[in-house]
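Asks:
Number of protein chains: 4
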Amino acid sequence: MSEVSICNHVYRSENITEHVREKMRTHMPIVECPDKVKKNEKFNIKIRIEGHPSRVDHYISNVDIYFIEDDRQFNPVKIARIELSPEYTFPEIVLTLSLKKSGHVRVVSYCTTHGLWEAGKRIVVEE
Amino acid sequence: MSEVSICNHVYRSENITEHVREKMRTHMPIVECPDKVKKNEKFNIKIRIEGHPSRVDHYISNVDIYFIEDDRQFNPVKIARIELSPEYTFPEIVLTLSLKKSGHVRVVSYCTTHGLWEAGKRIVVEE
Amino acid sequence: MSEVSICNHVYRSENITEHVREKMRTHMPIVECPDKVKKNEKFNIKIRIEGHPSRVDHYISNVDIYFIEDDRQFNPVKIARIELSPEYTFPEIVLTLSLKKSGHVRVVSYCTTHGLWEAGKRIVVEE
Amino acid sequence: MSEVSICNHVYRSENITEHVREKMRTHMPIVECPDKVKKNEKFNIKIRIEGHPSRVDHYISNVDIYFIEDDRQFNPVKIARIELSPEYTFPEIVLTLSLKKSGHVRVVSYCTTHGLWEAGKRIVVEE
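Top to bottom, those sequences are chains W, S, V and Y. Residues in the first sequence are numbered consecutively from 740, following our numbering. Residues in the second sequence are numbered consecutively from 740, following our numbering. Residues in the third sequence are numbered consecutively from 740, following our numbering. Residues in the fourth sequence are numbered consecutively from 740, following our numbering.
1) Whole angstroms is fine: what's the gap from W/Val833's alpha carbon to S/Glu822's?
2) Would you check if the segment 803 to 822 of chain Y and the segment 842 to 855 of chain W touch, i.e. whether three or more CB-CB distances between them fall below 8 Å?
3) Give a yes or no on whether the C-beta atoms belonging to Y/Arg861 and Y/Asp774 are separated by under 9 Å.
4) What residue range does the alpha helix (DSSP H) around W/Glu757 cover?
5) Just checking, does the segment 836 to 845 of chain Y make contact with the segment 778 to 788 of chain Y on the three C-beta pairs under 8 Å criterion?
6) Could you check whether the segment 744 to 758 of chain V touches the segment 746 to 765 of chain S, counting it as contact only if at least three pairs of C-beta atoms, one from each stretch, sit closer than 8 Å?
7) Using 10 angstroms around the beta-carbon of Y/Ser752, count the other beta-carbons present and answer buried if the total reaches 16, otherwise exposed.
8) Under 9 Å, CB to CB, which of the residues in the segment 835 to 864 of chain V have a partner in chain S?
9) For the segment 743 to 790 of chain V, which segments carrying the beta strand (DSSP E) assignment without a break, of at least 3 residues, lie completely within its bounds, in sequence order?
10) Below 8 Å on the Cβ atoms is my contact criterion, and I expect W/Val864 with W/Val776 to pass it. Report the Cβ-Cβ distance as a whole number of Å.
11) For Y/Asp803, count neighbouring Cβ atoms within 10 angstroms of its own Cβ and tell me buried if that reaches 16, exposed if not.
12) Output yes if chain V places a C-beta closer than 9 Å to the C-beta of S/Cys746; else output no.
13) Would you report the Cα separation of Y/Arg820 and W/Asn779, rounded to the nearest angstrom?
14) Under a three-way DSSP split, which group does V/Arg820 fall into?
15) List the residues of chain W whose Cβ lies closer than 8 Å to the Cβ of S/Ser824, in chain order.
16) Rounded to the nearest angstrom, what separates S/Glu761 and W/Ile755 at their Cα positions?
17) Excluding sequence positions up to five away, which residues of its chain have a Cβ less than 7 Å from the Cβ of S/Gly859?
18) I'd like the span of the beta strand (DSSP E) that includes W/Pro792, first residue to last.
19) Is the beta carbon of W/Arg764 less than 9 Å from the beta carbon of W/Glu789?
20) In chain V, which residues lie less than 7 Å from Y/Phe806 when you measure between Cβ atoms?
21) With H, G and I counted as helix, E and B as strand and the rest as coil, what does DSSP make of Y/Leu834?
22) How should Y/Glu757 be labelled, buried or exposed, when 16 other C-beta atoms within 10 angstroms of its C-beta is the threshold for buried?
23) Within 10 angstroms of its Cβ, does S/Glu866 collect 16 or more other Cβ (buried), or is it exposed?
24) Cα separation between V/Ser793 and Y/Glu808?
25) With DSSP as the reference, label S/Asn814 as helix, strand or coil.
26) 9 Å is my cut-off, CB to CB: does W/Glu831 come that close to chain Y?
27) Where does the unbroken beta strand (DSSP E) through W/Ser800 begin, and where does it stop?
28) List the endpoints of the continuous beta strand (DSSP E) containing S/Pro860.
29) Spatial neighbours of Y/Thr851 within its chain, please: CB distance less than 7 Å, with the 5 preceding and 5 following residues excluded, ordered by chain position.
30) Report the rounded CA-to-CA distance for Y/Tyr805 versus W/Pro768, giving the unit in angstroms.
31) Who are the near neighbours of W/Pro825 in its chain, counting only those whose CB is closer than 6 Å to its CB and skipping five residues on each side?
32) Does V/Val743 come within less than 9 Å of chain W when only Cβ atoms are used?
33) Quick one: residues in its chain with C-beta nearer than 7 Å to the C-beta of S/Pro830, no 5 flanking neighbours on either side, listed in chain order?
34) In chain order, what residues of the segment 751 to 777 of chain S put their CB closer than 9 Å to some CB of chain V?
35) Does S/Asp803 have its Cβ less than 9 Å from a Cβ in chain Y?
36) With distances taken Cα to Cα, identify the nearest neighbour of W/Lys840 among S/His766, S/Tyr827, S/Ser841.
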């Protein structure tokens, strides 16, 4: 693969190679929310990364949330970003969303030492 | 007062003037967390702004969380920032913190039409 | 003054006290742009902070740019934010703006050790 | 390819398909900086997106800058992020960097209507 892109460096459970496997438990975002929601009704989504340090030289500095919406011509939609600080905060966050259409929530977190990690979940919107 | 500063435009319950009073209910952050926490133990803080629109032309685009720590020479510490997007997200957020010293959590939210609003709460840290 | 607010901790050249004076040279933003601009015409604004370290434990992590617009009912307008990272970046930035009305550009930078510093400049808009 | 990821939606000149081709001219970041730099010496990088609107309902809301460093075990390094606002700002930015090792600067910009666009440039670091 000769093309250069950050996309060659976004770790997902589907593309983990040997040298990153041991970092997976403490870096992969865990996304919790209902499988089905009502159109335009608020619901909570919880995002957490377990067991990661929160030190000046090694912390999760931001967690970005995107939505890949069914039948949308240009995806994804950026829906939120959480920036954290070492020592005072931890990557366990609850946000409040509402959706018009079904799609995939995708969470991309950044570790200041170990780069970009992506996970997500499909959410079905019912009328 | 002739000095120019954004600080002359940060609305708090203590400095509300007549023309901004009617915006207060839908803009002032509400901060919920324990009054006392154990040193270095994680706890949750909930921040919400009630009844505000989430439209492209009028939404809460970011909520910044600072900590004014007792006996710290240079305050505040920036501890988190949440960026939101219109239509998909609402300003109701739970974060996870831990503290070493007592102080004041201060939340500053920004409305794309009505500017900066600040509220907060004192948290006492027990050994 | 017994009220608690981050506004009591935003250093400006007008409110520097003794214990922060020695940090001023390496923390106060320097804002360079024309005194007068044409309405709706693009112009550059340069923001820099001189002589500050860019280390993991001490760096300028973000620079926020606001505009206090003449005759606007709710100020300020948040117009840009630059987030920087230690070791790779330095707080010397050029942005491209355009204005419809005269007002004050206000720049607030955050040092991870020494807090919030604000400076700015008036810009007159000519038809 | 059945895997869901934001990486399937990051447009680069190498992967443009028919329906996005007409958006390319006004969305692809243009990255200008030296081909070679001295180790640890500051240099400027200019990033611009040409001819894009800056309207409340359609604007470039953020431009993120990453570095894929040669021989680094976990890439990329997030080095800067610029958030812009409609009507007042335009995506033409100059930043100040320094590097220790050669690598690829990668710029990812987000349009509120047309999603994520990535471009970049290799920079060789000389001792």
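Glycine included, every Cβ here is placed at the ideal spot set by N, Cα and C. Values in this document were obtained by computation on a predicted structure and should not be read as measured data.
Replies: On the basis of the supplied data:
1) The alpha-carbon atoms of W/Val833 and S/Glu822 are separated by roughly 13 Å.
2) Segments in contact, yes.
3) Yes, Cβ-Cβ distance for Y/Arg861 and Y/Asp774 is below 9 Å.
4) 757 to 760 is the span of the alpha helix (DSSP H), which, as asked, contains W/Glu757.
5) Judged by Cβ distances under 8 Å, the segment 836 to 845 of chain Y makes contact with the segment 778 to 788 of chain Y, as three or more pairs qualify.
6) In this structure the segment 744 to 758 of chain V touches the segment 746 to 765 of chain S; the number of beta carbon pairs closer than 8 Å is three or more.
7) Answer is exposed; the Cβ neighbour count stays below 16.
8) If the cut-off is 9 Å between Cβ atoms, the segment 835 to 864 of chain V has His843, Arg845, Val847, Tyr849, Cys850, Thr851, Thr852, His853, Gly854, Leu855, Glu857, Gly859, Arg861 near chain S.
9) Segments of the beta strand (DSSP E) lying fully in the segment 743 to 790 of chain V: 769 to 771, 775 to 777, 782 to 787.
10) About 6 Å separates the two Cβ atoms, so the contact holds.
11) Y/Asp803 comes out buried.
12) For S/Cys746, the closest Cβ of chain V is nearer than 9 Å.
13) A straight line joining the alpha-carbon of Y/Arg820 with that of W/Asn779 spans about 31 Å.
14) Here V/Arg820 sits in strand by DSSP.
15) Ordered by position in chain W, the residues that pass the 8 Å Cβ test against S/Ser824 are Val816, Lys817, Ile818, Ala819.
16) Here the alpha carbon of S/Glu761 sits roughly 53 Å from the alpha carbon of W/Ile755.
17) Val770, His843, Val844, Arg845, Val846.
18) Here W/Pro792 belongs to no beta strand (DSSP E), and DSSP marks it neither H nor E.
19) Cβ atoms of W/Arg764 and W/Glu789: closer than 9 Å.
20) Identification of chain V residues near Y/Phe806 by a Cβ-Cβ cut-off of 7 Å yields Tyr827, ordered along the chain.
21) Of the three classes helix, strand and coil, the one that applies to Y/Leu834 here is strand, per DSSP.
22) Y/Glu757 should be labelled exposed.
23) Label assigned to S/Glu866: exposed.
24) C-alpha separation (whole angstroms): 18 Å.
25) If DSSP states are grouped into helix, strand and coil, S/Asn814 belongs with coil.
26) At a cut-off of 9 Å between beta-carbon atoms, W/Glu831 makes no contact with chain Y.
27) Going by DSSP, W/Ser800 is part of the beta strand (DSSP E) stretching over 799 to 808.
28) The residue asked about is misnamed: residue 860 of chain S is Lys in this sequence, not Pro. Boundaries of the beta strand (DSSP E) harbouring S/Lys860: 854 to 865, taken from the DSSP string.
29) Sequence-distant Cβ neighbours of Y/Thr851 in its own chain, meaning closer than 7 Å and more than five residues away, are His797, Tyr798, Ser800.
30) Using only the alpha carbons, I get a separation of about 20 Å.
31) Closer than 6 Å at Cβ, skipping near neighbours: Ser793, Arg794, Val795, Tyr798.
32) Not one chain W Cβ lies under 9 Å of V/Val743.
33) Arg787, Ile788, His791, Ile799, Val802, Leu823, Ser848, listed in sequence order.
34) So the list reads Arg751, Glu753, Asn754, His758, Val759, Lys762, given in the order they occur along the chain.
35) So no, S/Asp803 is outside the interface.
36) For the set S/His766, S/Tyr827, S/Ser841, the Cα lying nearest the Cα of W/Lys840 is the one of S/Tyr827.
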